[in-house]
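Sequence positions in the sequence shown follow the UniProt record's numbering and run 1 to 322.
Built from N, CA and C at the ideal position, the CB exists for glycine as well.
If you're wondering where the values come from, they're calculated on a predicted model, not measured in any experiment.
Report on the following structure.
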Amino acid sequence: MTTPDYWAPTDPLGEALHQMRMNGTFYSRSELTAPWGMTMPAMPGHIWFHIVTSGPAWLQTENGSPRPLLPGELALVPHGRGHLILGAPGAPAPNVMELEREAVSDRYELIRHGGGGDPTTLICGAVRFDHPAARKLVEALPETVHVEVGGSPQQEWLHSTLRLMAVEAQQLRPGGEEVITRLGDILVIQAIRAWIETDPAARTGWLGALHDEQIGRAISLIHKQPDRDWSVAGLAAELAMSRSAFADRFTKVVGEPVMQYLTTWRMNLAHDALRTEQATAAQLARRLGYRSEAAFARAFKRVVGLPPGAVKRTAAVRGFER
Numbered sequence: 001m002t003t004p005d006y007w008a009p010t011d012p013l014g015e016a017l018h019q020m021r022m023n024g025t026f027y028s029r030s031e032l033t034a035p036w037g038m039t040m041p042a043m044p045g046h047i048w049f050h051i052v053t054s055g056p057a058w059l060q061t062e063n064g065s066p067r068p069l070l071p072g073e074l075a076l077v078p079h080g081r082g083h084l085i086l087g088a089p090g091a092p093a094p095n096v097m098e099l100e101r102e103a104v105s106d107r108y109e110l111i112r113h114g115g116g117g118d119p120t121t122l123i124c125g126a127v128r129f130d131h132p133a134a135r136k137l138v139e140a141l142p143e144t145v146h147v148e149v150g151g152s153p154q155q156e157w158l159h160s161t162l163r164l165m166a167v168e169a170q171q172l173r174p175g176g177e178e179v180i181t182r183l184g185d186i187l188v189i190q191a192i193r194a195w196i197e198t199d200p201a202a203r204t205g206w207l208g209a210l211h212d213e214q215i216g217r218a219i220s221l222i223h224k225q226p227d228r229d230w231s232v233a234g235l236a237a238e239l240a241m242s243r244s245a246f247a248d249r250f251t252k253v254v255g256e257p258v259m260q261y262l263t264t265w266r267m268n269l270a271h272d273a274l275r276t277e278q279a280t281a282a283q284l285a286r287r288l289g290y291r292s293e294a295a296f297a298r299a300f301k302r303v304v305g306l307p308p309g310a311v312k313r314t315a316a317v318r319g320f321e322r
């Protein structure tokens, strides 16, 4: 029996944010002295975040010029791309994974690096989101998200959290690494929320569709009831729209036909379940509203490119290797 989620929001954008539970892969506190630089390697499927707690820093992505980061500022590199963090533009930047590191816990490390000049302290991390709604939201983010020291009154809570993290980073006390990693996770979500609230780009594409009163509700219905025997006509009736008007509007706003979106969403859920639950194809066929295991397997291979069994076996091997 499934326990109801009484805290789940009713709007589709709130639902996507509600699903932004993450798994952290790497967290570090870096004590750096000029001249210094670090190359952060590409980590597909992850978001890199960088928080400057003291001193100067610069962020340089593959497609951009170096951008300064001031103390108390936060930058996200959402799509797992490699990039540089520098004490000054042009500084040498060895791969962060090749630097000497002190393991504080299984996911938290202390890095000391540089030439002995002016100091900078950073908190960095790489996290990933597992739920398809959260990943869909992350895909809509720009190359970088930068939260500045100033900002609106609505961002004061975010800046208060940044200040708290800076205090924790000054001297690592017992349990401090756990505090910093959890604050880091919160700040990533808060930075995404701040971007959604302030950037016009958040009103386009899939995020723009969530803001649309009718299409957003259709997406929410699909997300919440993927096992229902949906049809274009059935969804249109839920929205009190004509079939043709709904179909045209959905394709225009979302960028793909509604039934294609439904199938892709179901297969995303199935892919996650195969990786994390070791669910069987028969179980997923019933869970996602397919009349037979064979019909589910055909749809899965068409969307994912692999049969369900191959995904499940790969996940089992990787889990065993860990």
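query	result
Three-state secondary structure assigned by DSSP to Gln60	strand
Sequence ranges, beta strand (DSSP E) only - wholly within the stretch 151-238, length at least 3	none
Euclidean distance between Cα positions of Arg322 and Thr314	With a pLDDT of only 41 at Arg322, under the threshold of 50, the placement of this residue in the model should not be trusted; the figure read from the coordinates follows. Using only the alpha carbons, I get a separation of about 13 Å.
Cβ neighbour criterion (16 or more within 10 Å) applied to Glu109	buried
Counted within 10 angstroms of its Cβ, other Cβ atoms place Pro92 as buried (16 or more) or exposed	exposed
Candidates Pro119, Glu178 and Arg193: closest to His146 by CA position	Arg193
First through last residue of the alpha helix (DSSP H) which encompasses Leu69	No alpha helix (DSSP H) contains Leu69, which is instead part of the beta strand (DSSP E) from Arg67 to Leu69.
Counted within 10 angstroms of its Cβ, other Cβ atoms place Asp227 as buried (16 or more) or exposed	exposed
Local Cβ density within 10 Å of Thr204, reported as buried at 16 or more and exposed below that	exposed
Sequence-distant residues of its chain with Cβ nearer than 8 Å to Val127 (five each side left out)	Met22, Asn23, Gly24, Thr25, His46, Ile47, Phe49, Gly184, Asp185 and Val188
CA-to-CA distance, Leu70 to Ser28, given in whole angstroms	18 Å
Span separating the alpha-carbon of Arg142 from that of Met259	Checking the displayed sequence, the identity of residue 142 turns out to be Pro instead of Arg. Approximately 27 Å, taken between the alpha carbons.
Distance between Leu74 and Ala294 (C-alpha atoms, nearest Å)	48 Å
One or two residues paired with residue 349 in a DSSP bridge	Residue 349 falls outside the range modelled here, since the chain spans only 1 to 322, and no answer is possible.
Sheet register partners of Met22 (DSSP bridge)	Phe129
Within 8 Å, strictly: CB atoms of Gly125 and Pro35	no
6 Å CB neighbourhood of Ile111 in its chain, flanking five on each side removed	Ser28, Ser30, Leu99 and Arg101
Burial state of Ser220, where buried means 16 or more other Cβ atoms lie within 10 Å	buried
As assigned by DSSP and simplified to three states, the class of Val145	strand
Rounded straight-line distance, which links the Cα of Pro132 to that of Arg266	10 Å
Cβ-Cβ distance between Phe250 and Ala297 below 8 Å	no
Beta-carbon separation (whole angstroms), Gln214 vs Met241, contact threshold 8 Å	6 Å
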